[in-house]
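Residue -18 is where the sequence shown starts when you use our numbering, and the numbers rise one by one after that. Right, one structure below, let's go through it.
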Amino acid sequence: MVAAFSDTVTSAAWRAEASAWITAALARDGVRVVAPPEQPRVRPWSTQLVVATDAGRYWFKATCRSSSFEPALQALLAEVAPDAADAPAAVDADRGWMLTADRGATLRERREPTAADWGALLSRCAHLQQTLLGSGDALRGTGLPDCSPGTVAARLDAVLDLLEGFPPGHPARPDDGTVARLRGARDAVAAAAATLAASPLPSSLQHGDLHPGNVFEVDGALRVFDLGDAQWAHPLEVLEVSSAVARDAGTDWAPVERAYRRAWDGWCAAQGLPPVGAADDAPTWDDLRRAAGVTHAVNRAWTWCGALAEATEAEWADWGEAPGRHLAALLDLVPGPQT
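Shown next as structure tokens:
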């Protein structure tokens, strides 16, 4: 039986191995560790160590298997878009380990983010997505999951098979009625994916958890981190988590979405295309947003399944409802009833 991720990363042997790797990686840059690393957080999907050095604080991150692509992805983004992502100090892609310099407070820690802050963040995200359009093979080569529209209907089947395979009473197992409705929604999910495929916007990096707590400022520029939920997907899916977080904080979302849309309209103009949703034979912006909500629900549920694949029973009890909850969200977005 494979040990749970959180059990592994809290063992003395693992801590010693990680600490030795950190010390050696920093020594190559002439940096000395001055105190044993602290472990402030452990989750079923990742853990962090805080490292005090004679050159300031560093952060070490270890991921579970499903998001072990993150260190290599972060390093590649720093090469392709250095103004949007910080280069790690060290990476062990095989083990899903990454060491980064502390960049100070996140945008959310610096101040209460305004609609203007959110707009700048989403506009920056759109430009990053555009920069990465030609790098799909390299990004997916890091292990970044391909969740583009054409893959979503089959992913719905896979997630439902997984959840339905849990025994009755398991925290992740939806009731039979919900499973039946979700299976009945497959054609609607496929139709939503086809709507996205018909849009002028190609698949690109979808951060997966974009909000002001996952960006920091360097010389006035916003840089993203925490990419363990990232996917190669339709770009509009990035708005789903962002809009939920912003609205929960009481932020006026309309100008934020307009900023993101303007950034893509600018890209379309540069390609000689009409603005998003403006062509007579193309889906409208509202059509695309609704379709992205459907595909995101499937892709997000799948990410949660991977994040919990190495969880303990107690961790399943804490977070096990998440895959089904995200998946069930699509039922509010597709024609009903689904039986």
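A virtual CB, placed ideally from N, CA and C, is assigned to each residue, including glycine.
As far as DSSP is concerned, residue 2 takes part in no beta bridge. Judged by beta-carbon spacing, residue 81 lies beyond the 8 Å limit of residue 64, meaning their Cβ atoms are not closer than that value. Relative to residue 288, the option among -4, 10, 21 and 51 whose CA is nearest is 51. Burial is judged here by how many other beta carbons sit within 10 angstroms of a residue's own beta carbon; residue 60 has fewer than 16 and is exposed. The continuous beta strand (DSSP E) containing residue 31 extends over residues 27 to 34.
Annotation for residue 117: 184, 185 and 213 place their beta carbon closer than 8 Å to its own, counting only its chain and skipping 5 residues before and after. Contact check for residue 7 against residue 34 passes: the beta carbons are separated by less than 8 Å. Counting C-beta pairs closer than 8 Å gives fewer than three between the stretch 110 to 124 and the stretch 143 to 157, which falls short of the contact rule. Listed as beta-bridge partners of residue 66 by DSSP are 205. Per DSSP, the beta-bridge partners of residue 197 are 87 and 204. Under the three-state reduction of DSSP output, residue 19 falls in the strand class. Rounded to the nearest angstrom, the gap between the Cα atoms of residue 223 and residue 237 is 10 Å. In the DSSP assignment, residue 187 falls within the unbroken beta strand (DSSP E) covering 185 to 187.
Ranked by Cα distance from residue 180, the options 78, 254 and 46 are led by 254. The stretch 239 to 259 makes contact with the stretch 98 to 110; the number of CB pairs closer than 8 Å reaches 3 or more.
In this structure, residue 227 lies near residue 99, with their beta-carbon atoms less than 8 Å apart. By the Cβ neighbour-count rule, residue 19 is exposed, with fewer than 16 other Cβ atoms within 10 Å of its own. Within the stretch 68 to 156, the complete alpha helix (DSSP H) runs of at least 4 residues fall at 88 to 91, 96 to 112, 117 to 122 and 133 to 145.
Rounded to whole angstroms, the separation of the alpha carbons of residue 272 and residue 111 is 20 Å.
Ranked by how close their Cα comes to the Cα of residue 62, the residues 36, 86, 206 and 75 have 206 in first place. Restricting attention to 248, 115, 41 and 216, the CA atom closest to the CA of residue 269 is found in 216.
Classified as buried, residue 276 has 16 or more neighbouring CB atoms from the shown chains inside 10 Å of its CB.
Taking every protein chain shown into account, the CB of residue 85 has fewer than 16 other CB atoms within 10 angstroms, so this residue is exposed. Counting C-beta pairs with one atom in each stretch, the stretch 159 to 177 and the stretch 194 to 204 have fewer than three that are closer than 8 Å, which means they do not touch. Under the three-state reduction of DSSP, residue 265 is assigned to coil, being neither helix nor strand. Secondary structure of residue 170 (DSSP, three-state): helix. Nearest to residue 159 by C-alpha distance, out of 73, 307 and -14, is 307. The Cβ atoms of residue 141 and residue 164 sit closer than 8 Å to each other. For a cut-off of 8 Å, the C-beta gap from residue 39 to residue -12 is around 25 Å, too long to register as a contact.
The three-state secondary structure of residue 37, taken from DSSP, is strand. Contact between residue 210 and residue 189 holds: CB atoms are separated by about 3 Å, below the 8 Å threshold.
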